[in-house]
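Listed in order, the protein sequences are those of chains A and B.
All letters in the first sequence, in the order written, are residues 505 to 620 by the numbering used here.
All letters in the second sequence, in the order written, are residues 19 to 131 by the numbering used here.
C-beta atoms are modelled at their ideal positions from N, C-alpha and C, and glycine is treated no differently.
It should be emphasised that the depicted structure is a prediction, and the values quoted were computed from it without experimental measurement.
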Amino acid sequence: AQSVAQPEDQVNVAEGNPLTVKCTYSVSGNPYLFWYVQYPNRGLQFLLKYITGDNLVKGSYGFEAEFNKSQTSFHLKKPSALVSDSALYFCAVRDLGSGGSYIPTFGRGTSLIVHP
Amino acid sequence: DSGVTQTPKHLITATGQRVTLRCSPRSGDLSVYWYQQSLDQGLQFLIQYYNGEERAKGNILERFSAQQFPDLHSELNLSSLELGDSALYFCASSDLGRRHGYTFGSGTRLTVV
């Protein structure tokens, strides 16, 4: 089974400071990794994905993520946080489920709070 | 608007009842996934359909069932409801994640009283 862990339930950062939301994964083969954001009472919105290629992936709203194979990590980063970035962030790994399908498995989520 | 439509947005029902949640996938997506989101369990995969056929099952209770129709919309049926079934139920669609990842609807909030 493949899994993803988000070690922090909550991350607090001041507006204008860089932010990092951590994610580690466990897969048997090559990982397909994703980050999603969820605002209150909304569905999950796709931010970015890593499948292959450059280890630094750029996504929506100025976010980027760094894939590190040796550390099995896929941390989400942003150089300068905004108050409007405050939301719940989910890391996901694509899993090979039964029947030959690909099922994204999600971490438990990290609440990002950006203080003015 | 993500392109994935879920109805209803909110549902309040009593224990023991049965409800049906509906999902229309993003145009062109053949695959539909159902997830349950609760505070204590996080986002749990329930079941996946691809072009009308069941493809994968996750932590779905026997009281729950789903189907995908020829027009690709999907329904999740929850029966003999218990208080613990109260949660947000999300539907996502994809082209198997090759291009745009997985697109989520805004969810159905189910409250069992």
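Query: Distance cutoff 8 Å, beta carbons only. Does K526 of chain A sit that close to anything in chain B?; Result: no
Query: Taking R73 of chain B as part of the beta strand (DSSP E), name the residues at either end of that continuous run.; Result: 71–75
Query: In this structure, does DSSP put Y67 of chain B in helix, strand or coil?; Result: strand
Query: Are the Cβ atoms of S584 of chain A and P535 of chain A separated by less than 8 Å?; Result: no
Query: For K562 of chain A, does the count of other Cβ atoms within 10 angstroms reach 16, so buried, or fall short, so exposed?; Result: exposed
Query: Indicate whether at least one CB of chain B lies closer than 8 Å to the CB of G613 of chain A.; Result: yes
Query: Do you know whose CA, among A:Y540, A:C527, A:T556, lies nearest G533 of chain A's CA?; Result: A:T556
Query: So, helix, strand or coil for L101 of chain B, using DSSP?; Result: helix
Query: From G119 of chain B to F578 of chain A, what does the alpha carbon distance come to, in whole angstroms?; Result: 16 Å
Query: Does the CB of Y120 of chain B have a neighbour CB from chain A at under 8 Å?; Result: yes
Query: Just to confirm the assignment, what range does the beta strand (DSSP E) spanning Q575 of chain A have?; Result: Careful: Q575 of chain A lies outside any beta strand (DSSP E) and carries neither H nor E.
Query: At which residues does the beta strand (DSSP E) containing A505 of chain A begin and terminate?; Result: Note, A505 of chain A: premise wrong, no beta strand (DSSP E); not H, not E.
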